[in-house]
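Residue numbers (the working numbering), protein chains in the order written: chain E, 1 to 814; chain U, 815 to 955; chain Z, 956 to 1110. As structure tokens, the structure follows; a few thoughts come after it.
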């Protein structure tokens, strides 16, 4: 099977908006989510959490919990210190001495919401009552909630043994920005910009069920594990338990968007309780708990930002100082400190880029990867600077972007740091987006409404969705990390009845993997779409997985599908061997179509796949021995993404395989009296190469769009001066509803990736384009009387902008 | 969060001052139970405010920071599950026609998940819980 | 413990519940009804939406004892008798109005109620009807389209 074959007329499903295989069970309330599964003898775990941002634990009294009916037992920090290893830290010295466990370690709590005691009881109610009855006494310690304060010399220390609050400190310097800033026609300087803290807050919070089978000394974990093999590895280390006696399962799960990469942490506590108390344990996170500890997106301060621009509108490059607030523990961090460099150039032909990047501990909830992980922060900054430069220097914002975009004839385009943008057509994408919002009409409306108390603003957001990581980028963080490249696995088999079974190493939480896998496999095997059964969820014991397996970082359309294609090719070879020996021809003469293996030149000579399966499974004597011994009708294969190790000294090399692009354009109306931002028109143009299922792609784009819109206008994990989260539920953290949003305009451009088996690119994260577009639109409505230097712009901030907020922080040096 | 209030009680200021350490008297307050003195001389008790929607027993520790004829400064620390309340409570006593005017000012910090809810409803809840316990305590003086 | 008798999805069910047991917990934990889901603690997300005596409610805001003697319909009752998708469900599938599926049962219950209400199914009215149901995957665009398509197709 070659990529050509997938585009031949015989391709019936790939590329089509096939209805999803997942839908019937979900629509009929027959899905099986984490908290759905009935388990005999199940007990429930509830965590007692710290109310303090930073404090020493002085005493723990569980006596009142013991009197609660149904109480079974508890897990205390001392026990965890004895029974577990700290989780593996990715950073090098000095912050590698951070100690992170499933319960507060070292007698200190470091953020409000940190688990201190885990209580188990025979019912949900008893577990909650018992947890509420536990009394923990604390001596408060000084806390720090602002990364800018955390780097001051006398700042309270989140992890005393490290000696500072800096988890990672790197200087990236590509090109010669100092020369550019000295010699450019114009230099724009901005004192400080802020990308705020939010997360995708999946509707299903964390949930994990742990069963311990003492007879075989094996733990089975069922729940939302976005990276099952990494979770297995983390659990094995933490529990000091052989990895081959851990099984990690996922069934249906209600969204991850990255944040469920760290389910192993609460799972560790549940596992210890399951083994100690001899009962299956389930932990079901509440919404408030999820907001406290379920994973926040990276909050980032950009300081001392300078951009060099020529008088013809060419942007030469920029420099800035980043303080990335990772919260109290580095739980995938500080990988964000290198992951942003996948999109160092953003969408532009920058020649020079210099960034000092520091990951900073604060007494806040830990940061997890979150849709657009670490790249959207940088791209927001670059888009903001493009926009600010256009406004300040008098360039048309559309023309300014068009001039500086990477041009279609420049692909494959090598960025300042050696990443290779594979394909795209940004100018066409922008023109399509502007058509969808009727750009000239919007400008007319803007002029008409001037002075009426309503202001129109038009904004553009240009982003990349980099997918398929080269894990060697972890070595830019810490040269000793043993990671490099990327793989995914797949299993395809022909059952005894001739049915096709496919298992991917990936884990789906709404992306429709069962659907896209079936489309590709059905086409390759020439069977009906309904004839392919795709395993729901994931199972670490099914050996479809590789170390990197899972769903994250916009990669399934490349890694998951490519592994499936490789496995299916193997199965086709086996089917061809069997069929050719029965049909008395050469294996190369066999083609698969209409559910049968047949001779290409004589289609009447055909063997149905059910017959192929029947012979192999039940009547191998009919086969020549060399075929019978070769063929098992179970094909496993791995896709290996073509990567090399980057040059660690220069921090130079290709870090991701594909770059989907998304260009958004919007028209907003701002009410001068209330500061309310109303979306009048919103459009997005996606380019993720050759589509497998355009319906699924459009759905992903819609979802990423609303995450971005909601983050830009409504969502903020704000902390008060006591280090308390002010947005611990869906009242105070407003996830956009249907009523907050318009319908969308959508279009696509198809620039096949030259680097992937079928030209598809990973997509789904979206790059945070709405944050960029809305910041730009609000700026456009305000003019330059106030400057939009924050990604979060609720009505109160818009009112301040109208009164000149932050205007003084932007200077045109020349 | 700063709260304040004032009420009149028939007890004399000296009787009010004597309450601290008067574990038996405090045990008579209907919303307090398990009243005891701990090793540091602080009062420990379980306080179940009447003003909450469902019974919410808080474990509290009361420490006297300052005491004089004109008033006292108390630090009150309460916890229940993931919620902690810290109150720095300044009580002023002035003689009144029926006994003593008690004026109070509280600096309240709410910690844990209640901090979020606190933005909207906890001000009223804490205010009424403080009013209630001060009234009840003065009544047993 | 209080004994309750409730007709759930057409079947008489009997349960013994604590006074504080929420209807959603009883439906899920005792009856294994997987339609109502829990997505928040505060009645905001709508994932637990059911019909109770014909009225649309969030089942996390109702005590199980309150439902005694009443009738509850969950999303498990929506499909046709032969198990095939009903018109609304089919429109959700055709328009890709679900991704992870966690909010879907609540969305279907709200949409069913809205379509029965007689209110004209305009874009604005549909969005207003859905404002108590949070979806974090789809961006609502396709949910609105699916509901409006179901309204058009209703004879």
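Virtual Cβ for every residue (Gly too), placed ideally from N, Cα, C.
Closer than 7 Å at the beta carbon, the chain E residues around residue i
i                       : result
residue 1082 of chain Z : 738, 739
residue 1024 of chain Z : Result: empty, since nearest Cβ-Cβ is about 24 Å, beyond 7 Å.
residue 923 of chain U  : 722
residue 1072 of chain Z : Per Cβ cutoff of 7 Å: no residues; residue 1072 of chain Z is ~16 Å from chain E at best.
Residue i: contacting residues in chain Z (beta-carbon distance under 8 Å)
i                      : result
residue 695 of chain E : 1051
Contacts around residue i, its chain only, beta-carbon distance under 6 Å, and the 5 residues preceding and following it disregarded
i                       : result
residue 582 of chain E  : 607
residue 1068 of chain Z : 1011
residue 985 of chain Z  : 970
residue 862 of chain U  : 845, 869, 871
residue 818 of chain U  : 919
residue 225 of chain E  : 231, 248, 250, 263
residue 77 of chain E   : 103, 104
Alpha carbon of residue i to alpha carbon of residue j, nearest angstrom
i                      : j                      : result
residue 207 of chain E : residue 33 of chain E  : 9 Å
residue 857 of chain E : residue 719 of chain E : This structure cannot speak to residue 857 of chain E, because chain E is shown only from 1 to 814.
residue 915 of chain U : residue 908 of chain U : 5 Å
residue 295 of chain E : residue 843 of chain U : 44 Å
residue 557 of chain E : residue 274 of chain E : 37 Å
residue 134 of chain E : residue 44 of chain E  : 16 Å
residue 396 of chain E : residue 309 of chain E : 14 Å
residue 429 of chain E : residue 141 of chain E : 53 Å
residue 236 of chain E : residue 246 of chain E : 7 Å
residue 375 of chain E : residue 340 of chain E : 4 Å
residue 26 of chain E  : residue 250 of chain E : 15 Å
residue 29 of chain E  : residue 312 of chain E : 59 Å
Proximal chain U residues relative to residue i, where beta-carbon distance stays under 8 Å
i                      : result
residue 135 of chain E : 873, 893
residue 112 of chain E : 925, 926, 929
Under 9 Å by beta carbon: chain U residues contacting residue i
i                      : result
residue 729 of chain E : 927, 930, 931
Cβ shell of residue i (< 7 Å), same chain only, five flanking positions each side left out
i                       : result
residue 83 of chain E   : 272
residue 1013 of chain Z : 998, 1001, 1003, 1004
residue 570 of chain E  : 635, 637
residue 773 of chain U  : No statement about residue 773 of chain U is possible, as the shown extent of chain U runs from 815 to 955 and does not include it.
residue 736 of chain E  : 706, 709, 710, 714
residue 1055 of chain Z : 1092
Contacts that residue i makes with chain Z (C-beta to C-beta distance below 7 Å)
i                      : result
residue 748 of chain E : Per Cβ cutoff of 7 Å: no residues; residue 748 of chain E is ~15 Å from chain Z at best.
residue 254 of chain E : 1055, 1057
residue 735 of chain E : 1089, 1091
residue 683 of chain E : The contacting residues do not exist; residue 683 of chain E stays about 12 Å from chain Z at best.
residue 396 of chain E : In chain order: nothing, as chain Z lies at least about 30 Å away.
Within chain E, partners of residue i - CB distance below 8 Å
i                       : result
residue 904 of chain Z  : It is not possible to answer for residue 904 of chain Z, since the shown part of chain Z is limited to 956 through 1110.
residue 897 of chain U  : 51
residue 1099 of chain Z : 738, 743
residue 1036 of chain Z : The premise fails here: residue 1036 of chain Z is roughly 13 Å from chain E at the closest Cβ pair, so nothing lies under 8 Å.
Contacts around residue i, its chain only, beta-carbon distance under 8 Å, and the 5 residues preceding and following it disregarded
i                      : result
residue 851 of chain U : 835, 837, 857, 858
residue 937 of chain U : 815, 817
residue 8 of chain E   : Reliability of the predicted coordinates at residue 8 of chain E is poor, the pLDDT of 45 falling under 50, and the value obtained from them is presented with this limitation in mind. Here the set comprises nothing.
residue 807 of chain E : 784, 785, 786, 787
Residue i: contacting residues in chain Z (beta-carbon distance under 9 Å)
i                     : result
residue 19 of chain E : 1048, 1049, 1051
Residue ranges of each beta strand (DSSP E) within the region 476-564 of chain E, 3 or longer: Taken in chain order, the complete beta strand (DSSP E) segments of 3 or more residues contained in the region 476-564 of chain E are 487-494, 500-504, 532-534.
Members of the region 39-64 of chain E near chain U, C-beta cut-off 7 Å: 48, 49, 51, 52
Near-chain U residues of the region 705-722 of chain E - C-beta to any C-beta below 8 Å: 720, 722
Inside the region 114-200 of chain E only - beta strand (DSSP E) runs reaching at least 3 residues: With a minimum length of 3 residues, the continuous beta strand (DSSP E) runs that stay inside the region 114-200 of chain E are 115-121, 135-140, 166-174, 186-195.
Chain-ordered residues of the region 984-1002 of chain Z with a beta carbon less than 8 Å from chain E: Going along the region 984-1002 of chain Z in chain order, one finds 984, 987, 988, 989, 990, 992, 993, 994, 995, 996, 997, 999, 1000, 1002 with a Cβ nearer than 8 Å to chain E.
Under 9 Å (Cβ pairs) to chain Z, residues found in the region 193-209 of chain E: 200, 201, 202, 203, 204, 205
Length at least 3, wholly inside the region 893-931 of chain U: the beta strand (DSSP E) runs in chain order: 897-910, 913-925
Chain-ordered residues of the region 1003-1020 of chain Z with a beta carbon less than 9 Å from chain E: none
Residues, ordered as in the chain, of the region 531-556 of chain E that lie near chain Z by beta-carbon distance below 8 Å: none
Chain-ordered residues of the region 959-985 of chain Z with a beta carbon less than 8 Å from chain E: 973, 975, 976, 980, 983, 984
4 or more residues per run - each alpha helix (DSSP H) lying fully within the region 599-632 of chain E: 609-618, 625-630
Positions along the region 224-252 of chain E whose CB lies within less than 9 Å of some CB in chain Z: 252
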